[in-house]
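Take any residue in the sequence shown, count from 1 to its spot, add 329: that is its number in the working numbering. Beta carbons are placed, not taken as given, at the ideal position from N, Cα and C, and that holds for glycine.
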Amino acid sequence: MSEALFLSLRVTLVAVLAVVVVGMPLALLLARARLPGKSVLETVILLPLVLPPSVVGFYLLVVLGRSGPLARFGGLHLLFTWPAAALASAVVALPLMVQASRAAIAQVDPALERAARMLGSGELELFLRVTLPLARRGILAGIVLAAARAFGEFGATLMVAGNIPGRTQTLPLAIYDAVETHELAAANAMVLLMTALSFASLWAVRRFESTPRPREFAAGLAPERDAGGAPADA
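Put into structure tokens, the structure is as follows:
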């Protein structure tokens with residue numbers, strides 16, 4: 330169990346890093362850019378949410394296989410390795426992070442971004458100092474959801490990484506093996522662990538979502554005014 334747990338944590342960490350690096354620009358693009366085919370792009374990003382894991386795994390097999398682009402042009406042979414498991418986890422977790430981050434960025438008042446541009450801020454500085462702080466809770470919720478999804482990935486991982494104890498066997502695959510070999514005590518322990526982690530992840534997401542939105546927060550800070558426009562406590 331310990332080997333599978335530590336491997337799952339390693340796979341999840343790498344997958345989340347990949348999701349953040351790829352997902353943040355995509356979320357910003359979907360929230361702010363006006364480009365033809367944006368709905369098609371968003372649909373493609375969301376496909377792993379509705380496709381069967383075997384279909385996602387098959388596409389990854391095509392990409393990672395001996396005749397795939399990574400092997401032919403990059404010389405990378407990732408099949409049946411833990412990086413393949415990390416890639417599979419990242420692919421299925423990406424839509425959750427992108428959707429949550431896109432929604433959070435879309436809630437940021439564009440007038441604040443325009444004001445920052447007028448003051449001379451570049452796009453990177455604008456994102457780091459204005460957009461990211463205001464959308465951080467939604468982005469964090471997306472990252473937590475992506476991490477939980479990556480940690481629990483099973484089907485696509487099994488197809489591209491296999492189920493090799495000590496090498497590619499993550500915790501969900503270890504549960505499958507334990508049930509197959511009737512090691513129910515070990516299966517119960519791993520299931521309870523994954524359930525607790527999933528519960529904690531969802532609880533954290535709800536906490537992020539229950540905080541005031543940027544506009545609501547600003548409205549809450551503004552002093553109440555009487556009918557004449559003067560502060561109520563004046």
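Range of the contiguous alpha helix (DSSP H) that encloses residue i
i      : result
Gly471 : Leu461 to Phe480
Val350 : Ser331 to Arg361
Val392 : Pro382 to Leu393
Phe528 : Leu513 to Glu538
Thr486 : Gly484 to Ala490
Asp506 : Leu500 to Glu509
Leu416 : Trp411 to Ala435
Leu455 : Glu452 to Leu455
Pro439 : Pro439 to Met447
Leu408 : Counting along the chain, Leu408 falls outside any alpha helix (DSSP H), and DSSP gives it neither H nor E.
Thr372 : Lys367 to Val379
Contacting residues, own chain, Cβ-Cβ under 8 Å from residue i (five flanking each side not counted)
i      : result
Gly484 : Pro381, Pro382, Ser383, Val385 and Gly386
Ile504 : Ala516, Met519, Val520 and Met523
Leu461 : Ile468
7 Å Cβ shell around residue i - same chain, five flanking residues per side excluded
i      : result
Gly352 : Leu423, Met426, Val427 and Ser430
Leu500 : Ala333, Leu334, Ser337, Met519 and Met523
Ala356 : Val427, Ser430, Arg431 and Ile434
Ala419 : Ala344, Ala347, Val348 and Ala479
Cutoff 6 Å; reference residue i; Cβ partners in own chain excluding five residues on either side
i      : result
Phe546 : Any reading at Phe546 needs caution, since the residue's pLDDT is 41, under 50, leaving its predicted position unreliable; the model's value is listed next. Answer for Phe546: no residue qualifies.
Gln498 : Ala333 and Asn492
Per-residue burial, residue i [other beta carbons within 10 Å of its own, 16 or more giving buried]
i      : result
Pro377 : buried
Met488 : buried
Ile493 : exposed
Val534 : buried
Thr372 : exposed
Pick from the options that is closest to residue i, judged by C-alpha positions
i      : options                           : result
Leu474 : Glu538, Arg458 and Glu452         : Glu538
Ala490 : Val373, Val348 and Leu389         : Leu389
Leu416 : Val340, Ser368 and Trp532         : Val340
Val392 : Ala413, Ile374, Leu441 and Leu375 : Ala413
Arg458 : Val508, Ala507, Arg443 and Ala476 : Arg443
Ala529 : Glu482, Ala476 and Val508         : Ala476
### Message
With three or more beta-carbon pairs closer than 8 Å as the criterion, would you say the stretch 505-515 touches the stretch 420-431?
### Response
Counting Cβ pairs under 8 Å, fewer than three are found: no touch.
### Message
Counting beta carbon pairs with one atom in the stretch 403-415 and one in the stretch 353-367, are three or more of them shorter than 8 Å?
### Response
The stretch 353-367 vs the stretch 403-415: no contact.
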